[in-house]
Amino acid sequence: MVLGLAEMTIKALIDLQKLAFLGSLCHAPTGEPCHTLFILRLCQFDLCENRKIGFIPDFVKILQKYNLEDYLTTFKTNSLFPSKEKWKSVCKKAMRQHETSHWRMRLEQHKDFSLFKEVPRAWNRLPHGESRRSAQTAYRS
2 MVLGLAEMTI KALIDLQKLA FLGSLCHAPT GEPCHTLFIL RLCQFDLCEN
52 RKIGFIPDFV KILQKYNLED YLTTFKTNSL FPSKEKWKSV CKKAMRQHET
102 SHWRMRLEQH KDFSLFKEVP RAWNRLPHGE SRRSAQTAYR S
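Residue numbers for the sequence shown follow the working numbering, beginning at 2 and rising by one.
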């Protein structure tokens, strides 16, 4: 598993975009066809036990992976969903926690990777004003 500059895997970055799309579907105006189709598929997902295909199961798996399924449950029961900015912040925080814990678990399992435990510490020691490029240069030296 490789963490990119955003401290997330490529898969997590893709999941972040999918969750942003989920947020846009939840915030779409009620009369819009995309919102109507989304609600229809969401109801079909809840009612149909044997056919779990399409984009709704994908959303549900991602929400479960990052422990965010309560937001969809709240949307289904109360039609409430966080604002775009709040949703983005919640998703990034949950993903960062998931990726960091998963990364640490893998480091603990494989002793050959013990050197990589120092990488996040080096990033955290840098002043907040420095760019990633200067941070990379500082870490390499």
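Even glycine gets a Cβ: it sits at the ideal position worked out from N, Cα and C.
In this text the structure is predicted, and so the values were computed from the model without any measurement.
Exercise. Taking all protein chains shown into account, do 16 or more other C-beta atoms lie within 10 angstroms of the C-beta of L6, making it buried, or fewer, making it exposed?
Worked result: For L6, the predicted structure reports a pLDDT of 49, less than 50, and the residue's modelled location is therefore unreliable. A value from the coordinates is still provided. Label assigned to L6: exposed.
Exercise. Apart from the five residues on each side of it in sequence, which residues of its chain come closer than 8 Å, Cβ to Cβ, to D16?
Worked result: I63, K66, Y67, M96
For this session: Assign Y67 to one of three DSSP states: helix, strand, or coil.
Result: coil
Exercise. Should K89 be flagged as near chain C, meaning a C-beta pair shorter than 8 Å?
Worked result: The displayed structure is made up of one protein chain only, and chain C is not part of it.
Exercise. Would I57 pass as a contact of L38 if the rule is Cβ separation under 8 Å?
Worked result: no
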